[in-house]
Every structure is written in C-alpha cells, then in structure tokens.
Amino acid sequence: MPSLKQALIKTSGLLAALADSDNSNVSIVTTDTLVIGGGAGGAHAAVRLTDYGQDVILVERQPILGGAVDSFTDPTTGHTYDIGVGDFTDYGNVTGFFGRFNIPITTPSEASSSTPPRRVDFTSGQVLTNYTAPSTADVHAALQRYATVAEQYEDILVPGYWNFPSASEIPDDLLLNFGAFVEKYNISAALPTIFQIAGAMGRIVDKETLPVMRAFPAQTARTVLGTQKSYVTVSGRNQDLYDAVAGFLGDKVYYNTQAISSVRSDAGVAVTVQDVNTGVKTIIQASNLVLGIAPDPSKFSIFDLDDQELSVFSKVQYTREHVFIASSPSLETNTSLANLPISADDDSQTHYPDYNFTGTISRLAQGSDLFHLSVVGDNFLGPEDAKAKLNSDIQTLIGSQVLPASSQEQLDFKFVSDHGFMHARVTADDYKAGFIQDLQALQGRRSTWYTGSAFSANWQTILWEYNEVLVPKIIGA
C-alpha cells in the first residue's frame, strides 16, 4: 500500500502535469531521488545514492557526464589533453572510487622545466620588462606558511560547511581581505602559484580569505608542496572516469535534458524536464531532489524559489570561466603569454587582473599549432562574450607587436567549454550575519538537497567526500 508521502508526491506530480496543460502526451515517471546536474558532485551523488539502494534519475544538459573535466583529443595527432581537471587530489576515497570502475590511476609525472611565460598586460599590450618572479625557495617557504595556517581551518571549510562555527565565532583570518591575509603571514611569494590555480576567482587579493581558502585549500597547498599525493588516469584521459560512471548508471541518465518547471514541497517533488534536441518533455516525480548546479536565482526560477531561498541565494556572487582550444597564425610562436596588469611590473607579486580578463595563452604541446586559452569573467560573461574578449585581446597584442599579424583576424575555435558559475562567495558582512548557517538550513527543505561547489569546493575529490556526508542525510530524511 503506498505511503502518505508517496500519495502526496503523486498528487504534486499531477498538479505539475496539469499546469503544463499544453503537453497532453507528457509521460510521468517516478523515482526515489532525482539529481539535476551531472558534473563531479551530481554524478558522484547519483552513484552513491544508487549504492544505498535508491532508484535514481540523473538529468544532465550536456551529452556526457563530468562537467568541467574537459578531455580534448587533438584530431590530427589523436593525443588527448585534460584542459579542465588536471588531476585528482588524494582525499577521501579517491582510489576506491576509481578502483570500482576499473580506471587505472597513477601519480602525475614530474613536469619538465619549461620557459616561463612572457608576461604582458593584455589590455594595453605592454610587456612587463621588470617583472621578477619569486625564487623557488621563497615560493616553497611561503606555501608552507600558507598551508600551516590553512590547516587550522581545514575542518570547517572542507569538504563542506558541516563543522562551520556560529556567525559570531568565525575566525578573524577568514574574514580578512586576502591581500591583508597575505601581508599578515608574509606569503606574497606564493601568490603567483595561488593565482595560477585559483585565478578563476578574479583578483584574489581583493576577495575575502574564506572563499580563497576554499578555492586553494590546504589539500591543494600540500599537493603543490609534494606532501600530499594527486592522481591522473593512466590513459591520460580523465573523462574515462565519468564515461564509466555513465555506463554504471545506464539509462537512468537523461542526457541533453534540462529542467523547465517544478513543484516542490516537504512531501516530495515533481520536475518537468525537456530534451533540448527533440523537445520531448517528461515529468519526474521523486521523494527527493538533489541539485548539483550552482544555486543562482537567475537560473533557479524554474524551481519556484520561496522567500527564504531567495534571501540566501541572492547574496551569492560568482565568477565564470571559459576554456578554449584555438588556432591562429598569429599564435604560432614558441612563447606562452600570461596576462598581468602593468602595475605588476615589479617584484611585489601582489597585482593581478580582475574580470573580465584573458588568463593565459599557451601552446597545447611542443610542435602543435593548437593553443589553450582561458577567460575569466563575472556570471554574466557568456561563451560568445568570452570569444569576443579573446579576439579583442589578440588584436591588442598584434597591435603592440607582441604577436605577429596574420591574414586570419579571428581565432579558429576547436573546443569551447563554459565551466559555469564558480567560486561562490558573499561579503564579510554576510558571513558575519549568518550566511553559512542560512545556507546550510536549506538542506532537505522542500525535499531539496544541494551538492556542488557552492556548498563544498571546486575540487573533484572534495566534492566526492562532501557527498559521503550528504547522501546518508538524504537516505535518512
């Protein structure tokens, strides 16, 4: 005999169907848990929920799982490059997760020494002739100091905010402007490394320390220092893991599909989804909904946010990163370029670009005519805007003779990836006013749960470990 909750779920689903009255042929399916978003957080959550005996449906907008992994295969050479996720930090059950899918892993080979990038202000085309990089010894010492401090707060920041203190007890360090934090602990020599890894946040010295320390957590500092392992796939294609996850989940994954409307209550959820290619709609009824996508009000209108949810999510700021593989005769040089403002033309290490900006231009491999490029912007910067920014900056660099002119005025894009909304953060005042507590209070409310970097961190294995706490809570609800 169906439970009261199941009956209520069915009722809410029928209401959703009635609301979609122009779709008389819409099919209705029922599942225990619906997961929306097949990136690292959502795909892993779907696997673990299945392990717990749940019937799960995973909805993913793209034709593959994995989100920002971005394994690109050069069609000319057949060689694959991981331009999104470079490696997987040894954290939690990382080896076990790869092992269950029979994906061999190894530690990354030591990077060969290469010519440092040429540092140029992409907005003006000026070359930084007096930029002085910190010595290897100074970088190591500064990273060690950073790691020592970050480890004090590791338990309250990763894998999620599960152990975060009350608003009145947030450590002062975490609320400092990161530039002040850098000065306090004398870690400016580590800034180029931190920016290289967490630069998708924008000008990190202007951000609060708390979100920077989630973008560059203690685990990452230890990995750079060589005191904590990381792994890559033996195949050299990190997408192999998520292809294996896709095989495990089978027809429970709805690819090329997005949610378009929903009914949510404490009794369950009903979400109407649509195949973006065929237009076919399906109503999915579930006891629980897990959202593995960034909770931004502009994208969450389909989930009928109430006042409590809006008051939390509307405070969050994001950055957005786009990565590209492209070619152009003007890029056919042996020099990689890094974008720094002309104010960085000294040895201070404290000046960085802010969005919207092109990050780096680097050759994909020795002898290749393909280049890896990145653009960081605010959450309004879409892929076409990012392309336009790249083309504009290339023309600036040609005009200043940093790059040679050619007959090809526009980049030839071979691969485009929008990493979406990243590095969620609020102001120091919002943190002090109880933002984290308000955010955590949304877990399970209206039968809705959240995974992803806004609740965890923008690192694969940290997200997986976050789910190891989240999934039992969903099962026990």
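For the sequence shown, the working numbering begins at 613 and goes up steadily by one. Note that CB positions come from ideal geometry on N, CA and C, so glycine has one too.
Report buried or exposed for residue i, applying the criterion of at least 16 other Cβ atoms within 10 angstroms of its Cβ.
| i | result |
| --- | --- |
| Gln886 | buried |
| Val1081 | exposed |
| Pro829 | buried |
| Thr839 | exposed |
| Phe700 | buried |
| Val846 | exposed |
| Asn1070 | buried |
| Tyr664 | exposed |
| Ile872 | exposed |
| Asn714 | exposed |
| Asn775 | exposed |
| Thr707 | exposed |
| Asp1005 | buried |
| Asp959 | exposed |
| Pro720 | exposed |
| Asn946 | exposed |
| Thr727 | exposed |
| Asp852 | buried |
Look at the alpha carbon of residue i and the alpha carbon of residue j, and state the distance between them as a whole number of angstroms.
| i | j | result |
| --- | --- | --- |
| His656 | Val902 | 12 Å |
| Pro907 | Thr741 | 43 Å |
| His691 | Asn850 | 13 Å |
| Tyr1078 | Gly1056 | 15 Å |
| Leu985 | Pro804 | 18 Å |
| Leu922 | Ala950 | 38 Å |
| Asn991 | Lys927 | 13 Å |
| Arg673 | Val681 | 15 Å |
| Phe807 | Leu993 | 20 Å |
| Ile954 | Leu788 | 26 Å |
| Ala759 | Ala833 | 6 Å |
| Phe1027 | Asp686 | 10 Å |
| Tyr773 | Gln738 | 43 Å |
| Val924 | Pro777 | 18 Å |
| Ser633 | Ile896 | Below a pLDDT of 50, predicted positions are generally treated as unreliable, and Ser633, at 44, falls in that range; no measurement from the model is reported. |
| Leu917 | Pro909 | 8 Å |
| Asn705 | Lys1044 | 33 Å |
Could you give the C-beta distance for residue i and residue j, rounded to a whole number, given that I count them as a contact under 8 Å?
| i | j | result |
| --- | --- | --- |
| Arg1058 | Asp878 | 6 Å |
| Val770 | Ile1074 | 5 Å |
| Ala792 | Gln961 | Actually they do not touch by this definition, with Cβ atoms about 15 Å apart. |
| Ser683 | Asp694 | 5 Å |
| Val836 | Thr718 | Not confirmed; about 18 Å, so no contact. |
| Val641 | Thr1008 | Val641 to Thr1008, Cβ: 52 Å. No contact. |
| Leu1015 | Ser939 | With 8 Å as the limit, Leu1015 and Ser939 do not qualify as a contact, their Cβ atoms being about 13 Å apart. |
| Thr662 | Arg876 | Going by Cβ atoms, the distance from Thr662 to Arg876 rounds to 22 Å, so no, they are not a contact pair. |
| Leu1023 | Leu1054 | Their Cβ separation, rounded to whole angstroms, is 41 Å, which puts Leu1023 and Leu1054 out of contact at 8 Å. |
| Leu670 | Gly651 | Wrong, their Cβ atoms sit about 11 Å apart, outside the cutoff. |
Per DSSP, what are the beta-bridge partners of residue i in this structure?
| i | result |
| --- | --- |
| Trp1061 | Val902 |
| Lys893 | Gln886 |
| Phe1033 | Arg932 |
| Arg876 | Val881 |
| Phe983 | Ala938, Arg975 |
| Gln738 | Asp733 |
| Tyr866 | Val671 |
| Gly989 | Arg932 |
| Ser639 | Thr894 |
| Thr645 | Val668, Asn900 |
| Phe969 | Val988 |
At what residue ranges does the segment 902-941 contain a whole run of the alpha helix (DSSP H), taking only runs of 4 or more?
-> 919-925
Unbroken stretches of the alpha helix (DSSP H), 4 residues or longer, contained in the segment 677-716 | 706-712
For the segment 805-850, list the alpha helix (DSSP H) runs that are entirely contained and at least 4 residues long, ordered along the chain.
-> 821-827, 830-837
Runs of alpha helix (DSSP H) wholly within the segment 1006-1054 (minimum 4 residues, chain order) | 1040-1044, 1047-1052
Which parts of the segment 736-773 are runs of the alpha helix (DSSP H), unbroken and 4 residues or longer, counting only runs that do not cross its ends?
-> 748-764, 766-769
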